[in-house]
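Contents: one structure, followed by commentary.
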Amino acid sequence: MQLAKYTIGAKIFGAFASMSTIIGVMGLAGYGVLSAAGGIAVTTFDGPLMAINYARAAQTDFTEMQIAELRFEHAKPAERAKIAEEISGIFENFTADLEVAKQRSFEADEQKVIAEIEPLVRQWRDARARGDVTELTRLDQRIDGKFDLLIEFNTDHSFIGRRQTVTNISHYKWASIAITVFALLLSAGLTWFLRNRIVRPLRSAAAVADRIANGELETPIPRGGRDETGALLNSMTVMQDNIREAMTREKALRRSAENRLVDALETSREGVMLVAPDGKIVMSNSTLRGFFPEIAYQLMPGTQFDTALGLIQGQLAATQAHSEDIATSGHAELELADGRWLRMTGSATSEGGSIIFLSDFTAIKEREESLRRAKREAEAANASKTRFLANMSHELRTPLNAIIGFSEIISGQFFGEVGNARYLDYSYDILRSGRHLLTVINDVLDLSKSEAGKMILSIKHLDMRFVLKDCVAMVREQCTEAGHTLVVPDLTREIPFAADAAKMRQIFLNLLSNAVKFTEAGGTISLAVQETADMVAVTISDTGIGMDPEDVEVAFQPFAQVDNRLERRYEGTGLGLPLTKALVDLHKGTIAIDSARGKGTRITVSFPRAISEELLEAI
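If you count the sequence shown from 1, you need to add 806 to reach the working numbering.
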């Protein structure tokens, strides 16, 4: 669009140029006046004022010389040399001050007086040298008079300079007032001009834009001129048409999207209910209504959600008829009267409403119940097994103790020698087997008590080194028979600890026995103790067959061995490690296994001291 000659930019530039010209003229005028006043002030300061100061300084120096001269006349001969030197110094200052006063005196009358003072001073020095007191007195009066005259001339000239400066500043003041008044009038005129040609059309355009922004798309837009304001109003007209078309397209797209959303929700396998911010149902799909066929017609749009919620609660089973989860959180699991289970979840929408989802998870609920039932049955079976093992262990121990006792009597030949040596050997076998079986039964009984939570610890203060020494002594003979090397640390320092001594002995004896059992002949069994202020750790390592890392969990399972082939090579029930772990857990300790197939095993048992003291205090 072609614009007029005088655009907004040209108008603003013209106003700015006018104001700049006025400001420039004011500045130049002020600069001229201030420069003149400044020159006078500088001249006055550098001339008369400085001349007055130095003239007075010279007069003061002369007065000091007069006083020194009087002192010289009345001084003793020994003091006169010092006073003469003082007079010479004062004279030098006098000469310097008089020279500066001469340089700062610009007027002819001032120069004339100074020219008269200089020969008088020379005459004064000559008279002093002659010692002519009468001449000195006369010259003193004349010189003082000349200095008074010089200071009077300097003062008059400085007053004249001040009066000229004040006059110039007064002229500048009135000129500034006149220019300022003119500038204010011109500014007012330019402001009125710009307001009518620029601001008023822009204000009208802003008002129209606000109405359009508020949705009044049919608001008429005024016609503008041929400057930028007119171009803006014409662009707003085009923009209004474009917005109107875009709104029409958006409404069509929104209706299409809403229809697609309704179709998607209607065909959803989940029940969906959309609630408006005012609490009324906006939409509920057929799946949701199908969950509640008896009240389906009351779950239609327009119904209050609280009313619909009350109707849904009426459809629940008796156990959930007064469920508070639905009303409070909007998240609940609902059991219907017919046995079906529905999961309800809700979330807020950006508009302040909410959307509710209902899904049938009856099959999941049935599977959960089946799993819970299976868990209860497994727990009951495990409890029955535990009771059976405990009862059987008790029933077996009574006759077994009798067998062990009788075999001990026979092997000990307490009632006389056994006639046949074979019977004596048999009694040894019976005693050894009976004791082994009793150990197995005791392990089974202890494991059963541990699983049932009925094992009781007898926590007391003990010295851990004695427990370890006892265990080492019990396996030393086995190591010797198998050709193993048993490496034991120096257990001479006390290791105070709080624990069940019998259970501790059982833990370390099981671990040492396993190390001996699963190590080939000629191997090495090592025991190490690490003690800190917070912990006691015992490590038992061997060079035996070892096991893979994934087999460690198997080793902790009761009656299990890592490899079934081991059952044929190594006798045992597989209760050692499970029982050991159970006893360690009872003491709130930890057990760690580091093993590799064919490279041996290292087992570390750690007990925190603080927890051991807590167990002692709990008794």
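C-beta atoms are modelled at their ideal positions from N, C-alpha and C, and glycine is treated no differently.
A direct Cα-to-Cα measurement between S1412 and R1173 gives close to 42 Å. If you draw a straight line from the Cα of A981 to the Cα of N859, it comes to about 36 Å. The beta carbon of S1233 lies closer than 8 Å to those of S1213, I1216, S1217 and V1224 in the same chain, with the five residues before and after it left out. According to the DSSP assignment, T1386 belongs to the alpha helix (DSSP H) that extends over G1382 to L1392. Note on R1299: under 16 other CB atoms within 10 angstroms of its CB, so exposed under the neighbour-count rule. Among the bridge pairs identified by DSSP, S1347 is matched with S1332 and R1408. With respect to V1081, G1159 sits close: the two C-beta atoms are nearer than 8 Å. In the three-state reduction of the DSSP assignment, E1141 falls in the strand class. Between L926 and A933, the CB-CB gap reaches or exceeds 8 Å.
For R1095, the enclosing alpha helix (DSSP H) stretches over residues S1092 to F1097. Ranking M1053, R1149 and R968 by CA distance to the CA of G1021 puts M1053 first.
For V1081, the enclosing beta strand (DSSP E) covers residues G1077 to V1081. Around S1401, the same chain offers G1352, M1353 and T1407 as residues with beta carbons nearer than 6 Å, after the five sequence neighbours per side are excluded. In the DSSP annotation of this structure, F868 is not part of any beta strand (DSSP E); the continuous alpha helix (DSSP H) holding it starts and ends at M856 to H880. Sequence-distant Cβ neighbours of K1387 in its own chain, meaning closer than 8 Å and more than five residues away, are F1362 and I1397. According to the DSSP assignment, M1150 belongs to no alpha helix (DSSP H) but to the beta strand (DSSP E) extending over W1147 to A1154. The continuous beta strand (DSSP E) containing P1302 extends over residues P1302 to A1305. Between V1281 and L1318, the C-beta spacing is below 8 Å. When beta bridges are read from the DSSP output, M1310 appears opposite no residue. Ranked by how close their Cα comes to the Cα of I1399, the residues D1391, V1358 and L1389 have V1358 in first place. As DSSP reads the structure, E1287 sits in no beta bridge.
Q1121 has its alpha-carbon roughly 30 Å from the corresponding atom of E1157. With contacts defined by Cβ atoms closer than 8 Å, F878 and R886 form a contacting pair. The alpha-carbon of W998 is positioned some 42 Å away from that of Q970. Here L1164 carries a strand assignment [DSSP, helix/strand/coil]. With respect to L945, A861 sits apart: the two C-beta atoms are not nearer than 8 Å. A direct Cα-Cα distance of roughly 25 Å separates G1395 from L1292. For S1401, there is no enclosing alpha helix (DSSP H); the residue is part of the beta strand (DSSP E) that begins and ends at T1396 to A1402.
Membership of K918 in the alpha helix (DSSP H) is indicated by the continuous run A914 to R936.
From the listed residues A1416, D938, L1117 and L1244, the smallest Cα separation to F1097 is found for L1117. Rounded to the nearest whole angstrom, the C-alpha separation of A1279 and T1286 is 11 Å. Nearest C-alpha to I920 among K952, I893 and V972: K952.
V1335 is not a Cβ neighbour of V1322, given a cutoff of 8 Å. Taking C-beta atoms as the reference points, N960 and S911 count as a pair closer than 8 Å.
Taking all protein chains shown into account, E916 has 16 or more neighbouring C-beta atoms within 10 Å of its C-beta and is therefore buried. Bridge pairing for I1087: V1081 [DSSP].
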